[in-house]
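Chemist: My questions will all concern the structure given below.
In my numbering, the protein residues as written are 130 to 417.
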């Protein structure tokens with residue numbers, strides 16, 4: 130299939146913010162900015178369908194299923210539907226140019242669908258294995274798509290990427306407890322709650338107890354161990370790409386520091402990073 134020259138190719142909107150999308154700086158190499166922006170726009174729009182506005186769960190699921198069908202139709206070479214052309218025209222171009230793995234994009238959508246269903250039902254995750262399966266689809270595809278663009282495909286690099294992306298997803302969970310629990314989003318697993326003798330009612334009260342402190346501290350340690358497992362990847366990626374990843378890793382670890390210092394208070398208060406954290410992140414990134 131003939132593809133248009135770069136000057137006339139559909140352009141994706143620039144990356145702004147998406148919590149599971151760890152790229153947003155000038156360190157990203159210029160030739161990769163458009164493919165990354167196209168992937169980002171796809172994920173951002175799907176996240177909005179899943180989480181924004183006043184649609185019912187049934188409506189959200191219907192919209193995401195239609196979005197999923199559009200992904201596969203576009204990947205199969207059909208012209209993008211006008212409603213989503215601003216998303217799928219740039220993505221189709223990058224699918225053709227970069228041979229992006231469509232299955233990874235589909236995994237992201239399956240995770241969004243699962244989130245809607247679990248939130249609708251107030252359902253929980255039985256154990257860490259079940260939560261890791263969610264992370265495999267909600268976060269790990271982003272890292273694998275980026276490695277694909279970087280031309281890195283070996284199994285060890287993919288495993289390290291998965292460990293970092295899983296850690297970032299877990300960090301997001303433990304940072305957002307104060308927002309997720311009132312919305313019936315339960316990422317602290319049944320097995321972990323039982324281990325530390327914490328009930329769902331205890332968590333819903335958002336009052337910190339010694340047992341809740343231990344529960345959250347244990348999950349913080351889990352996220353940190355996952356991040357540490359993936360650290361060798363920063364030495365595999367050269368130049369600006371490697372520095373981008375170093376800063377992503379250090380940003381995640383800094384959030385963990387904040388959550389850990391709260392001693393369980395992330396149950397009712399969400400802490401974020403600010404400009405004052407950047408020097409420490411840069412210093413730590415330098416010595417990785």
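Every residue, glycine too, gets a C-beta built ideally from N, C-alpha and C.
Given this structure, state the Cα-to-Cα distance separating residue 257 from residue 316, to the nearest angstrom.
Modeler: Within the chain shown, numbered from 1, the residue matching residue 257 stands at position 128. Within the chain shown, numbered from 1, the residue matching residue 316 stands at position 187. For residue 257 and residue 316, the distance between alpha carbons rounds to 9 angstroms.
Chemist: Out of 369, 184, 278, 328, which has the shortest C-alpha to C-alpha gap to residue 230?
Modeler: Position 101 of the chain shown, counted from the first residue, corresponds to residue 230. Ranking 369, 184, 278, 328 by Cα distance to residue 230 puts 278 first.
Chemist: Determine whether the beta carbon atoms of residue 167 and residue 243 lie at a separation below 9 angstroms.
Modeler: Residue mapping note: residue 167 aligns to position 38 of the chain shown, counting from 1. Residue mapping note: residue 243 aligns to position 114 of the chain shown, counting from 1. No, the Cβ-Cβ distance between residue 167 and residue 243 is not below 9 angstroms.
Chemist: By alpha-carbon positions, which one of 351, 300, 245 ends up nearest to residue 181?
Modeler: Taking the first residue of the chain shown as position 1, residue 181 is located at position 52. Of the listed residues, the one whose Cα sits closest to residue 181 is 245.
Chemist: Rounded to whole angstroms, what is the Cα-Cα separation between residue 381 and residue 271?
Modeler: Here residue 381 refers to the residue found at position 252 of the chain shown. Here residue 271 refers to the residue found at position 142 of the chain shown. Cα to Cα, residue 381 sits roughly 15 angstroms from residue 271.
Chemist: At what residues does the alpha helix (DSSP H) containing residue 226 begin and finish?
Modeler: Within the chain shown, the letter at position 97 stands for residue 226. Residue 226 -> alpha helix (DSSP H) spans 214-227.
Chemist: Under 8 angstroms by Cβ, that's how I've got residue 255 and residue 319 pegged, so tell me the actual separation to the nearest angstrom.
Modeler: Position 126 of the chain shown holds residue 255. Position 190 of the chain shown holds residue 319. Contact flag correct, Cβ pair sits at about 5 angstroms.
Chemist: So does the segment 281-296 actually touch the segment 344-363, counting three or more Cβ pairs closer than 8 angstroms?
Modeler: Flag = yes, the segment 281-296 and the segment 344-363 touch.
Chemist: From residue 389 to residue 237, what does the alpha carbon distance come to, in whole angstroms?
Modeler: As a position in the chain shown, residue 389 is number 260, starting the count at 1. As a position in the chain shown, residue 237 is number 108, starting the count at 1. Residue 389 and residue 237: Cα-Cα distance of roughly 29 angstroms.
Chemist: Could you pull the start and end residues of the alpha helix (DSSP H) that residue 231 belongs to?
Modeler: Position 102 of the chain shown holds residue 231. Run containing residue 231: 231-250, per the alpha helix (DSSP H) assignment.
Chemist: With 16 other CB atoms within 10 Å as the buried threshold, where does residue 356 fall?
Modeler: Locating residue 356 in the chain shown gives position 227, counting from the first residue. With 16 or more other Cβ atoms within 10 Å, it is buried.
Chemist: Any idea what DSSP makes of residue 318, helix, strand or coil?
Modeler: Counting from 1 along the chain shown, the entry for residue 318 is found at position 189. Residue state, collapsed to three classes: coil.
Chemist: Suppose the cutoff is 8 angstroms on Cβ atoms and the five residues either side in sequence are ignored; what does the same chain contact list for residue 175 look like?
Modeler: Residue mapping note: residue 175 aligns to position 46 of the chain shown, counting from 1. Here the set comprises 193, 196, 237, 238, 241.
Chemist: According to DSSP, simplified to helix, strand and coil, what is residue 281?
Modeler: Walking along the chain shown from the start, residue 281 turns up at place 152. Reduced to three states, the DSSP call for residue 281 is coil.
Chemist: Here's the rule I'm using: 16 or more other beta-carbon atoms within 10 Å means buried, otherwise exposed. How should residue 163 be labelled?
Modeler: As a working note, residue 163 is residue 34 in the chain shown. Under this definition residue 163 is a buried residue.
Chemist: Could you spell out where the alpha helix (DSSP H) holding residue 377 opens and where it closes?
Modeler: Translated into the one-based positions of the chain shown, residue 377 becomes position 248. Residues 368-391.
Chemist: How long is the line joining the alpha carbons of residue 309 and residue 189, rounded to whole angstroms?
Modeler: In the chain shown, the residue the question calls residue 309 occupies position 180. In the chain shown, the residue the question calls residue 189 occupies position 60. Going by the C-alpha atoms only, they are around 18 angstroms apart.
Chemist: Would you say residue 205 touches the ligand SAH, meaning its beta carbon is less than 8 angstroms from a heavy atom?
Modeler: Looking for the ligand SAH in the displayed structure turns up nothing, as the structure carries no ligands at all.
Chemist: Which stretch, first to last residue, makes up the alpha helix (DSSP H) that contains residue 195?
Modeler: Here the question's residue 195 lines up with position 66 in the chain shown. Segment 186-204, the alpha helix (DSSP H) holding residue 195.
Chemist: Give the straight-line distance between the Cα atoms of residue 337 and residue 396, rounded to the nearest whole angstrom.
Modeler: Here residue 337 refers to the residue found at position 208 of the chain shown. Here residue 396 refers to the residue found at position 267 of the chain shown. Distance between the alpha carbons of residue 337 and residue 396: 7 angstroms.
Chemist: With a threshold of 16 other CB atoms inside 10 Å of the CB of residue 152, please say whether the residue is buried or exposed.
Modeler: Counted from its first residue, the chain shown places residue 152 at position 23. Any reading at residue 152 must be qualified, since the residue scores a pLDDT of 48, below 50, and its modelled position is unreliable; the value itself is stated next. Buried, since its Cβ has 16 or more Cβ neighbours within 10 Å.
Chemist: For the candidate residues 202, 378, 215, 332, whose alpha-carbon lies nearest to that of residue 169?
Modeler: Taking the first residue of the chain shown as position 1, residue 169 is located at position 40. Closest by alpha carbon: 215.
Chemist: Buried or exposed, going by whether 16 or more other CB atoms sit within 10 Å of the CB of residue 150?
Modeler: For this step, residue 150 is matched to residue 21 along the chain shown. Residue confidence is low: residue 150 scores 47 on pLDDT, short of 50, so the model does not pin down where it sits. No coordinate-derived value is stated.
Chemist: Could you tell me the alpha carbon to alpha carbon distance between residue 365 and residue 276, rounded to whole angstroms?
Modeler: Within the chain shown, numbered from 1, the residue matching residue 365 stands at position 236. Within the chain shown, numbered from 1, the residue matching residue 276 stands at position 147. Each residue's Cα considered, the two are about 11 angstroms apart.
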